[in-house]
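Colleague:
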Amino acid sequence: MSKADEVFLKVEDLEVIYTSGKKNVQAVNKVSFELKKGQTIALVGETGAGKTTIAKSILRILPNPPAKMLGGRITLEGRELTSLSEEEMLDIRGGKIAMIFQDPMTALNPLMTVGDQIVEGLLLHNDYDKDAAENRAKEMLELVGIPKDRFVEYPYQFSGGMKQRVVIAMALACNPLLLLADEPTTALDVTIQAQVLDLIRNLKEKYNTSMILITHDLGVVAETSDTVAVVYAGEIIEYADKRELFINPCHPYTNGLFGSLPGMTEGESRLKPIAGSPPDPTDLPKGCAFAPRCPYVMDECIESKPDMKEISPGHFCRCIKAGKEI
Amino acid sequence: MVKYIIKRLLGMILILLATSLIIFTILYFTPGDPARTIAGATATAEDVENMRHIMGLDKSYIEQLGDFLYSTFIKFDLGDSWVYNKPVINEMMIRLPRTLFIGLSAMALNLFLGIVMGIFAATHEGKWQDSLTMGFAMVFISCPDFWVALMMILLFSATLNLLPAYGIGGIQYYIMPIICSALGGIAVNARQTRASILGVFREDYITTAKAKGQKENIIVWGHMLPNALMPIITSIGNGFAKIVAGTPVIESVFSIPGLGLYMLTAINSRDYPVVRACVLFFAFFTAISMLLVDLAYAFVDPRIRARYQTVKKKETK
């Protein structure tokens, strides 16, 4: 087997809760997935499904309190991150794993020049002196399409798209092995979205970086990812190769997601939104979390939680009807 | 930026003019006759009348005001003390270092302890360390400074015999006055720092810094504090002006011959030139602190800096 096929990141039974007052919010519930070197997995799902929480718990940067990791193992290149000390994590953060944040408007420190913010990470993870770090930071700016003489400018002097490029430059400056891209294009307008996605993809290929892409945009998924995990109410409900998932979506929720996309060919005039809204995370249903909204719901769905089933090689689905004809 | 500072300094002249006008008018219309006080209890009506003439009090309000403004703002002469017949400015210069020393030391203590306590409380939010620090701050705020001063004298001078209770001399004479002036400010700054650090705690750029692998300490001092600094600077600026203007109380409790006590005695003896000079100085000092506060904003925040610079550009066009 070549090295590329080895499992590079492994997340097993990750469980995270948020405590607010006396209530516990089950944000991530027994989530497991794997990622190979150089590959991209997309976490797809509605707002509040727990996608960002998954990414942040890999970096262990969830604010505690209120967030608390109850269980699970995260292994990067055979090293278990969950048992590392805080000091050891400092090397991982920004060095081995970097994150691109959702909102470029707030992700940059307004009082520091963009150059200094890139340099900060570089100095932490490399043996650069100040000049070398500055040169590297300027190189990174050029790489994401920002003239290097803007090194000394402050975030307020950049537009949203430009800020997102800075955030990307910052994340990629130390050549991370794994990139967590948390809705990197959501805050941007459509023309810039395409540019930023291209940019991420090119840089990723150049450095053979693996990526976890968090999005609710199936178009972005189709363009960027290799595998897809559909997240609903803190659980992965369907997990498959991208091609397989797009051709043969299996879970009613995944089907619903595709139904709420405008088609280019079918000539349908109305979208079919998924009825209802996600369950209250402080009070999740006993059975399948999607049952209250599911058009095919049965008594069994409400009584007990369906297990993850492998319906074809590499295609997993958490639904009683999975594999059967609906 | 230079242009901005010059503009502010010119504005300050207006502030001082207005202050002069107000303080002069208030003193002019204050009931009672300074000439009678100065001439003494045994003076005859004729003596008092003579005195009034010497002091220039027999002139009209407008004439007196004109004289005062002319000598203060054109000749830069604050006049002579009515009681001691000596130039006010000489006495002020002797006393000023004492007041400033207390004020600046108290300020340094304020800044240091206030910010450290605030950060300590914020980084332990909700834990016992937080409650303890904020409890102390609450006590500091609630105790009036003269009361703290008296209690300290009772403890450290009367009972333990460690520190001198009043007067001036070596550094040991200043310890209690400095602490007393600082206490309230420390508490205000600690609470302000805690609140604004908590305000930036959950900001996205803090998460970004964390995701870079930056150490907790550097995140707090390098990323959180600068961003939390605006309200802290404001409260420090107010505190600074208040400390210097508030010295009369502390100086009279500890009998320190500083500016505050000078003004207080002058008010009692109706030594108006002294009162006017002191009030003017306090106004000047407050205006300077406010200017420094605004410059500190620009120093901390590039966005505010840019605003001053665009103002400048527009003017040069």
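Taken in sequence, the protein lines are chains A and R. For the first sequence, the positions run 12 to 337 when the numbering used here is used. For the second sequence, the positions run -11 to 305 when the numbering used here is used. Ideal Cβ placement from N, Cα and C applies to all residues, glycine included. The model shown is predicted, which means the values in this text are computed figures rather than measured ones.
Could you say which of R:L279, R:E34, R:I159, R:I194 lies nearest to T339 (chain A) if we only look at CA atoms?
Modeller: Any question about residue 339 (chain A) goes unanswered here, given that chain A covers just 12 to 337.
Colleague: At a cut of 8 Å, does the stretch 132 to 145 of chain A reach the stretch 235 to 249 of chain R through at least three beta carbon pairs?
Modeller: No, because fewer than three Cβ pairs between the stretch 132 to 145 of chain A and the stretch 235 to 249 of chain R fall closer than 8 Å, the two stretches do not touch.
Colleague: Could you give the uninterrupted runs of the beta strand (DSSP E) lying entirely in the stretch 181 to 257 of chain A, keeping only those of 3 residues or more?
Modeller: For the stretch 181 to 257 of chain A, whole beta strand (DSSP E) runs of length 3 or above, ordered along the chain, are 189 to 193, 221 to 226, 238 to 243, 246 to 252.
Colleague: Quick check on the DSSP output: what are the complete alpha helix (DSSP H) runs of length 4 or more inside the stretch 269 to 334 of chain A, in order along the chain?
Modeller: List check, alpha helix (DSSP H) in window: 310 to 314.
Colleague: Start and end of the beta strand (DSSP E) containing M80 (chain A)?
Modeller: Looking up residue 80 (chain A) in the first sequence gives position 69. Start and end: 78 to 87.
Colleague: Are G105 (chain A) and A199 (chain R) closer than 8 Å when you measure CB to CB?
Modeller: Here residue 105 (chain A) is taken as the residue at index 94 of the first sequence, counted from 1. Here residue 199 (chain R) is taken as the residue at index 211 of the second sequence, counted from 1. Yes.
Colleague: If we call anything under 8 Å between Cβ atoms a contact, is L188 (chain A) one with K67 (chain A)?
Modeller: Position 177 of the first sequence, counting from 1, holds the residue named residue 188 (chain A). Position 56 of the first sequence, counting from 1, holds the residue named residue 67 (chain A). The answer is no: Cβ separation not under 8 Å.
Colleague: Is P289 (chain A) close to chain R? Criterion is C-beta to C-beta, closer than 8 Å.
Modeller: As a working mapping, residue 289 (chain A) is identified with position 278 in the first sequence. For P289 (chain A), the answer is no, since every Cβ of chain R falls outside 8 Å of its Cβ.
Colleague: At the level of alpha carbons, what is the spacing between R24 (chain R) and I42 (chain R)?
Modeller: Translated into the one-based positions of the second sequence, residue 24 (chain R) becomes position 36. Translated into the one-based positions of the second sequence, residue 42 (chain R) becomes position 54. Answer to the nearest angstrom: the Cα atoms are 12 Å apart.
Colleague: Can you tell me whether K34 (chain A) is helix, strand or coil according to DSSP?
Modeller: Reading the first sequence from its first residue, position 23 is the one you call residue 34 (chain A). Reduced to three states, the DSSP call for K34 (chain A) is strand.
Colleague: Does any CB atom of chain R fall closer than 8 Å to the CB of F162 (chain A)?
Modeller: Looking up residue 162 (chain A) in the first sequence gives position 151. Not one chain R Cβ lies under 8 Å of F162 (chain A).
Colleague: Which residues does DSSP list as the beta-bridge partners of L252 (chain R)?
Modeller: Reading the second sequence from its first residue, position 264 is the one you call residue 252 (chain R). The partner list for L252 (chain R) (beta bridge, DSSP) is empty, contrary to what the question assumes.
Colleague: Runs of 4 residues minimum, wholly inside the stretch 103 to 174 of chain R: which ones carry the alpha helix (DSSP H) assignment?
Modeller: Complete alpha helix (DSSP H) runs here, min 4: 116 to 130, 133 to 140.
Colleague: Taking the CB atoms as reference points, tell me whether I248 (chain A) and V239 (chain A) lie closer together than 8 Å.
Modeller: Numbered from its first residue, the first sequence carries residue 248 (chain A) at position 237. Numbered from its first residue, the first sequence carries residue 239 (chain A) at position 228. Contact: no.
Colleague: Between which residues of its own chain and K230 (chain R) is the CB-CB distance below 8 Å, once the five residues before and five after are set aside?
Modeller: The sequence position of residue 230 (chain R) within the second sequence is 242, counting from 1. Here the set comprises G173.
Colleague: Residues of chain R with CB under 7 Å from L101 (chain A), in chain order?
Modeller: For the purposes of this step, residue 101 (chain A) is identified with residue 90 of the first sequence, where counting begins at 1. The contacting residues are G201, K203.
Colleague: Helix or strand or just coil, what does DSSP make of V27 (chain A)?
Modeller: The residue given as residue 27 (chain A) occupies position 16 in the first sequence. Looking at V27 (chain A) - three-state DSSP - the assignment turns out to be strand.
Colleague: Just checking: is the beta-carbon of V288 (chain R) within a distance shorter than 8 Å of some beta-carbon in chain A?
Modeller: Translated into positions along the second sequence, residue 288 (chain R) becomes position 300. Answer yes: the Cβ-Cβ gap between V288 (chain R) and chain A drops below 8 Å somewhere.
Colleague: I221 (chain R) and N177 (chain R) - do their beta-carbons sit closer together than 8 Å?
Modeller: Taking the second sequence and counting its residues from 1, one reaches residue 177 (chain R) at position 189. Taking the second sequence and counting its residues from 1, one reaches residue 221 (chain R) at position 233. No; because the gap between Cβ atoms is not below 8 Å, this pair is not in contact.
Colleague: Among all the DSSP beta bridges, which residues are the ones paired with I111 (chain A)?
Modeller: On the first sequence, residue 111 (chain A) is found 100 positions in, with the first residue counted as 1. Answer is A:A192.
Colleague: Using a Cβ cut-off of 7 Å, pull out every chain A residue sitting near H211 (chain R), in sequence order please.
Modeller: As a first step, residue 211 (chain R) is located in the second sequence; it is residue number 223 there, counting from the start. Chain A residues near H211 (chain R): N120.
Colleague: So, helix, strand or coil for E204 (chain R), using DSSP?
Modeller: Taking the first residue of the second sequence as 1, we reach residue 204 (chain R) at position 216. The answer is helix: DSSP assigns E204 (chain R) an H, G or I state.
Colleague: According to DSSP, simplified to helix, strand and coil, what is T51 (chain A)?
Modeller: Reading the first sequence from its first residue, position 40 is the one you call residue 51 (chain A). The answer is strand: DSSP assigns T51 (chain A) an E or B state.
Colleague: Express the C-alpha separation of G172 (chain A) and I337 (chain A) in angstroms, rounding to a whole number.
Modeller: Along the first sequence, read from residue 1 onward, the residue named residue 337 (chain A) stands at position 326. Along the first sequence, read from residue 1 onward, the residue named residue 172 (chain A) stands at position 161. Since pLDDT at I337 (chain A) reaches only 46, below the 50 mark, its modelled position is unreliable, and no value is offered.
Colleague: Could you give the distance in angstroms between the alpha-carbon of I129 (chain R) and the alpha-carbon of I10 (chain R)?
Modeller: Residue numbering aside, residue 129 (chain R) sits at position 141 when the second sequence is read from its first letter. Residue numbering aside, residue 10 (chain R) sits at position 22 when the second sequence is read from its first letter. If you take the alpha carbons of I129 (chain R) and I10 (chain R), they lie about 31 Å apart.
Colleague: With contact counted as at least three CB pairs below 8 Å, one residue from each stretch, are the stretch 50 to 66 of chain R and the stretch 208 to 222 of chain R in contact?
Modeller: The stretch 50 to 66 of chain R, when compared against the stretch 208 to 222 of chain R, does not touch it at the 8 Å Cβ threshold.
Colleague: Can you list, in chain order, the residues of the stretch 100 to 124 of chain R whose Cβ is nearer than 7 Å to any Cβ on chain A?
Modeller: Against chain A - using a Cβ distance shorter than 7 Å - the stretch 100 to 124 of chain R contributes no residues.
Colleague: Can you tell which of A:L190, A:L54, A:G126 has its C-alpha closest to the C-alpha of D160 (chain A)?
Modeller: The residue given as residue 160 (chain A) occupies position 149 in the first sequence. Answer by Cα proximity: A:G126.
Colleague: If you draw a straight line from the alpha carbon of S169 (chain R) to that of A146 (chain R), how long is it in whole angstroms?
Modeller: Translated into positions along the second sequence, residue 169 (chain R) becomes position 181. Translated into positions along the second sequence, residue 146 (chain R) becomes position 158. Whole-angstrom Cα-Cα distance: 20 Å.
Colleague: Which residues in chain A have a C-beta closer than 7 Å to the C-beta of P214 (chain R)? List them in chain order.
Modeller: Reading the second sequence from its first residue, position 226 is the one you call residue 214 (chain R). Near P214 (chain R) (Cβ distances below 7 Å), the residues of chain A are L122.
Colleague: Spatial neighbours of K316 (chain A) within its chain, please: C-beta separation below 7 Å, excluding the five flanking residues on both sides.
Modeller: By one-based count along the first sequence, residue 316 (chain A) stands at place 305. Around K316 (chain A): G298, C299.
Colleague: Please list, in chain order, the chain R residues whose beta carbon lies closer than 7 Å to that of M110 (chain A).
Modeller: On the first sequence, residue 110 (chain A) is found 99 positions in, with the first residue counted as 1. Per Cβ cutoff of 7 Å: A199.
Colleague: For Y139 (chain A), which residues in the same chain have their Cβ closer than 7 Å to its Cβ, ignoring the five residues on either side in sequence?
Modeller: Here the question's residue 139 (chain A) lines up with position 128 in the first sequence. For Y139 (chain A), where only same-chain residues beyond five positions count, the Cβ hits under 7 Å are L133, R147.
Colleague: Any beta carbon of chain R sitting closer than 8 Å to that of R104 (chain A)?
Modeller: Taking the first residue of the first sequence as position 1, residue 104 (chain A) is located at position 93. Chain R, which has a Cβ nearer than 8 Å to the Cβ of R104 (chain A), makes this yes.
Colleague: Listed in chain order, which residues of the stretch 43 to 55 of chain R have Cβ atoms closer than 7 Å to some Cβ of chain A?
Modeller: Result list empty, no residue passes.
Colleague: Looking only at C-alpha atoms, which of A:F301, A:S323, A:D24 sits nearest to E314 (chain A)?
Modeller: Translated into the one-based positions of the first sequence, residue 314 (chain A) becomes position 303. Residue A:F301 is the option with its Cα nearest to E314 (chain A).
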